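Q:
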Amino acid sequence: MSQVAEGAGPASAPGVVPGADPGGARGAAYDGLRLRSVTKRFATFTAVDDLDLDVPAGSFFALLGPSGCGKTTTLRMVAGLETPTSGSITLGEQDITWAKPYRRPVNTVFQSYALFPHLDIFENVAFGLRRRKRKDVKEKVAEMLDLVELGSQARKKPAQLSGGQQQRVALARALINEPEVLLLDEPLGALDLKLRRGMQIELKRIQTEVGLTFVHVTHDQEEAMTMADTVAVMNAGVIEQMGAPAELYENPRSTFVANFLGQSNLVAGTVLSRSADLTTVDMHGIQVSVPTARTHTDGDAGWVGIRPEKVLIGDEGAELDAPGNTIPGGVVTDVSFVGVSTQYLVRMPWGQELQVFAQNTGRQRLFTTGERVELSWRPEYAFLLDAAQDASAGAQRDGA
Amino acid sequence: MAPPTTPTLAPPDAPPPSTDLADAEPDTGRKRGLTGYLLLLPAAVWLALFFVVPFYSLAATSLYDPSGSDFRGYEMTYAFGNYVDAVQEYWTPLLRALAYGAAATLICLVLGYVLAYAIAFRAGRWKNLMLVLVIAPFFTSFLLRTLSWKLILADDGYVVDTLQFLHLLGDDGRLLATPVAVVAGLAYNFLPFMVLPLYASIDKIDPRLIEASSDLYAHPAVGFLKVTWPLSLPGVVSGTLLTFIPAAGDYINAQLLGSPNQRVIGSVIQSQFTDAGDYPSAAALSMVLMVLIVALVLVYVRRAGTEELL
Chain U
1 MSQVAEGAGP
11 ASAPGVVPGA
21 DPGGARGAAY
31 DGLRLRSVTK
41 RFATFTAVDD
51 LDLDVPAGSF
61 FALLGPSGCG
71 KTTTLRMVAG
81 LETPTSGSIT
91 LGEQDITWAK
101 PYRRPVNTVF
111 QSYALFPHLD
121 IFENVAFGLR
131 RRKRKDVKEK
141 VAEMLDLVEL
151 GSQARKKPAQ
161 LSGGQQQRVA
171 LARALINEPE
181 VLLLDEPLGA
191 LDLKLRRGMQ
201 IELKRIQTEV
211 GLTFVHVTHD
221 QEEAMTMADT
231 VAVMNAGVIE
241 QMGAPAELYE
251 NPRSTFVANF
261 LGQSNLVAGT
271 VLSRSADLTT
281 VDMHGIQVSV
291 PTARTHTDGD
301 AGWVGIRPEK
311 VLIGDEGAEL
321 DAPGNTIPGG
331 VVTDVSFVGV
341 STQYLVRMPW
351 GQELQVFAQN
361 TGRQRLFTTG
371 ERVELSWRPE
381 YAFLLDAAQD
391 ASAGAQRDGA
Chain S
1001 MAPPTTPTLA
1011 PPDAPPPSTD
1021 LADAEPDTGR
1031 KRGLTGYLLL
1041 LPAAVWLALF
1051 FVVPFYSLAA
1061 TSLYDPSGSD
1071 FRGYEMTYAF
1081 GNYVDAVQEY
1091 WTPLLRALAY
1101 GAAATLICLV
1111 LGYVLAYAIA
1121 FRAGRWKNLM
1131 LVLVIAPFFT
1141 SFLLRTLSWK
1151 LILADDGYVV
1161 DTLQFLHLLG
1171 DDGRLLATPV
1181 AVVAGLAYNF
1191 LPFMVLPLYA
1201 SIDKIDPRLI
1211 EASSDLYAHP
1221 AVGFLKVTWP
1231 LSLPGVVSGT
1241 LLTFIPAAGD
1251 YINAQLLGSP
1261 NQRVIGSVIQ
1271 SQFTDAGDYP
1281 SAAALSMVLM
1291 VLIVALVLVY
1301 VRRAGTEELL
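And the structure:
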């Protein structure tokens, strides 16, 4: 973990402008959540480092990163459970940097739910309304319990419910207050896989229904991508990259993002020439091109990146339908037939093994270990990253 | 929405596991039962020897003919009048003992709660040291500790001097030989019995619950009343019981720090047994005190809504 942080930390600074105005929402009319230069230092380390963030009102925003990257600290600062060392947090026109947590129009779904064990489900959900002396508690709680399909459990204690039900109580307890921003701290982390997938769809549905701003903290990239409109990838206290899930996945700007969101093949190369729309790179003696818009380094060297499913595999000399980058001389070293696809490891002439995911369309035969093959990809899918970054940054799922 | 929880793999009407297991079960069950009783035996013998027999003897003594004596022996006459006589003569020290015990318990609760809360939530790495300090007074004898309060509250001691200087106490006012001294001594001596159960209860409270209450618009004071206090109730109940029961029966504090005007029922019982040699009366008073305390505890526990503790 620490190795990842060291590798990507310093390198990420120049290439990425954190929070560079993703929604284009500037000016006085901005009614979302906005963090400016927020820094949180604890005794020995900096959890969040000069963070800028814009979360447009009504969006489903995900803060994605490995544990210890500062995402939960960021969330807690928005909730008011931590105070920033410096910087400001505003919600619409309102500066809430120093507001007490109980005075913020913000509610949290806690990681372990933090349901009140001595109160029944009804009173748990009613807690926020009662504190604000609302009159229509009974109807509103009943309505909210129906929304999360727990109407029949109102008089049970939290300990009598299953994990999935407790999760929904926690959601209802926060949602009922109609906060301007709902914060979700790894809310699905304690659920088993099957339940988690169901809840992901459910959360997304509820968010669309109530139209509130959701800020969702997670380390699960799949969860972030399936649920959020905008994903901010966080690492070592800074935001590496922010954007729509597809944009992040297709055009990562750092090795950390390339590896943390899905998988990437990263091959060392030297830049030969740059033009307005194409950068030509020498990759171990083979010339490949990368669109300049996907070139995220100014240096002479870089990592040529390509997603495994964008790589086509074929017999040597086969006319593949990808015009552009063709790399001959590969040898298949491993074949994993998954069913929907086949995952190959192909050893390249320079010794590196590249990953290839071939969709099982039936148009192509299976290759076997030891076969000589040729790889190719369309130039528009490739990207070029800063050579100073660690090629294994963020690859914790396969590597460490 | 995800199907209402427990998407069990096995159908609900699945047959009971394996018949082999079911057959084997009674056997192990019987064995376990026997072991259980054997394990209970030492405690049962202990209870019989040191509780049931003495209790029976005390109850019997309380009904002996009051005209008997240690020398001539006692006669069982089912003299229920012993109770009437004892209560009529000694109801003041009886009520006084309960009142002193209650006052000391209340003081212990306030002081102990603050202390236990601080140790549980704020002490950090000093937690264990502070807990040891709470118990530290037990390393000296109870009598010695109570006697030293005699010095602290003495007429020419600094506490009295200070209070007189501040005109909170008249020039010839004193603390010793007043109810204040007795209650202070009781509170001091029984404070650890309050702090430890309170600490055990408060320490178990997940601080995230307090954060959650704050997140849900509860001012810290409201959060305390609605979350921390109810969750610490088991500690409050056991702490007050552990303090009140011995404090109500204690007579050392009243004897050493009070005057005959602060005489409590414990003193009366003691002198009836040892000085007057009036066993039936002493036994009757002991029984009354015991029944009163049990009754108070039952009412209290019921009111606190924590019957499941007992």
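Those protein sequences? They're chains U and S, same order as listed.
Residues in the first sequence are numbered consecutively from 1, following my numbering.
Residues in the second sequence are numbered consecutively from 1001, following my numbering.
Where is the CB? At the ideal position from N, CA and C, for every residue including glycine.
Note that this is a predicted model, so its numbers are computed, not measured.
#1: If you follow the beta strand (DSSP E) that R274 (chain U) is in, where does it begin and where does it stop?
#2: How big is the Cα-Cα spacing for I1293 (chain S) and L195 (chain U)?
#3: Would you list the one or two residues that DSSP bridges to P291 (chain U)?
#4: To the nearest angstrom, how far is the alpha carbon of V127 (chain U) from that of A301 (chain U)?
#5: With DSSP collapsed to three states, give me the class of K310 (chain U).
#6: Counting only beta-carbon atoms, is L81 (chain U) nearer than 8 angstroms to chain S?
#7: Quick one: grab the DSSP three-state call for D1206 (chain S).
#8: Counting only the same chain and skipping the five closest in sequence on each side, list residues whose C-beta sits under 7 angstroms from that of I1269 (chain S).
#9: Going along chain S in order, which residues have a C-beta closer than 8 angstroms to the C-beta of A114 (chain U)?
#10: What is the C-beta distance between L1094 (chain S) and L1289 (chain S), in whole angstroms, given that I count them as a contact (C-beta under 8 angstroms)?
#11: May I ask you to verify whether the region 58-69 of chain U touches the region 224-238 of chain U, counting CB pairs closer than 8 angstroms and requiring at least 3?
#12: Assuming T39 (chain U) and S86 (chain U) are in contact, meaning their beta carbons sit under 8 angstroms apart, how far apart are those beta carbons, in whole angstroms?
#13: Establish whether the CB of P1222 (chain S) and some CB of chain U are separated by less than 8 angstroms.
#14: To the nearest angstrom, report how far apart T295 (chain U) and P56 (chain U) are at their CA atoms.
#15: Give a yes or no on whether the minimum CB-CB distance between F405 (chain U) and chain S is below 8 angstroms.
#16: To the nearest angstrom, how far is it from the Cα of S1214 (chain S) to the Cα of T90 (chain U)?
#17: Pick helix, strand or coil for L1216 (chain S), following the three-state DSSP scheme.
#18: Taking the alpha-carbon of L188 (chain U) as reference, which of U:R378, U:V210, U:D220 and U:L161 has the nearest alpha-carbon?
#19: By the three-class DSSP mapping on this structure, what secondary structure does A1376 (chain S) have?
#20: Alpha carbon to alpha carbon, how far is A1247 (chain S) from F42 (chain U)? Give it in angstroms, no decimals.
#21: Using a Cβ-Cβ cut-off of 7 angstroms (strictly less than) and excluding sequence neighbours within five positions of N124 (chain U), which residues of its own chain qualify?
#22: Can you tell which of S:D1070, S:V1084, S:Y1083 and S:P1066 has the C-alpha that lies nearest to the C-alpha of M1076 (chain S)?
#23: Leaving out five residues on either side along the sequence, give the residues of the same chain with a beta carbon under 6 angstroms from the beta carbon of D415 (chain U).
#24: Looking at the C-beta of F367 (chain U), does it have a partner C-beta in chain S at a distance below 8 angstroms?
#25: Within the region 327-379 of chain U, note down every full beta strand (DSSP E) run reaching 3 residues or more, in order along the chain.
#26: If we define contact as Cβ-Cβ less than 8 angstroms, is G128 (chain U) a contact residue for chain S?
#27: Helix, strand or coil, according to DSSP, for W1229 (chain S) in the structure here?
#28: Just to confirm, are T297 (chain U) and A387 (chain U) a CB contact at a threshold of 8 angstroms?
#29: Give the DSSP-derived three-state secondary structure of F1139 (chain S) in the structure shown.
#30: By the 9 angstroms beta-carbon criterion, what residues does the region 1226-1240 of chain S contribute toward chain U?
#31: Just grab the DSSP bridge partners of Y1064 (chain S) for me.
#32: Can you say whether Y1056 (chain S) is buried or exposed, counting buried as having 16 or more other CB atoms within 10 angstroms of its CB?
#33: Would a C-beta distance cut-off of 8 angstroms place W350 (chain U) and I306 (chain U) closer than the cut-off?
#34: What residue from S:I1245, S:R1302, S:Y1279 and S:V1264 has the CA that sits closest to G1073 (chain S)'s CA?
#35: For L81 (chain U) versus P101 (chain U), is the C-beta distance shorter than 8 angstroms?
#36: Return the residue from the list S:F1071, S:V1087, S:Q1088 and S:D1156 that minimises the CA-CA distance to A1276 (chain S).
A: Answer, in terms of the structure:
#1: N265 to R274
#2: 53 angstroms
#3: U:L278
#4: The sequence shown places Phe at residue 127 (chain U), not Val. Going from the Cα of F127 (chain U) to the Cα of A301 (chain U) covers about 58 angstroms.
#5: helix
#6: yes
#7: coil
#8: A1282, L1285 and S1286
#9: D1206, R1208, L1209, E1211 and A1212
#10: 7 angstroms
#11: yes
#12: 5 angstroms
#13: Reading the sequence as shown, one finds Val at residue 1222 (chain S) and not Pro. Closer than 8 angstroms: yes.
#14: 28 angstroms
#15: Since the first and last residues shown for chain U are 1 and 400, residue 405 (chain U) lies out of range.
#16: 19 angstroms
#17: coil
#18: U:D220
#19: Residue numbering for chain S in the displayed model covers 1001 to 1310; residue 1376 (chain S) lies beyond these limits and cannot be assessed.
#20: 47 angstroms
#21: L115, F116, P158, V169 and R173
#22: S:P1066
#23: The requested residue 415 (chain U) is not part of the displayed model; chain U covers only 1 to 400.
#24: no
#25: 341-347, 353-359 and 372-377
#26: yes
#27: helix
#28: yes
#29: helix
#30: K1226, V1227, P1230, L1231 and L1233
#31: S:M1076
#32: exposed
#33: no
#34: S:Y1279
#35: yes
#36: S:F1071
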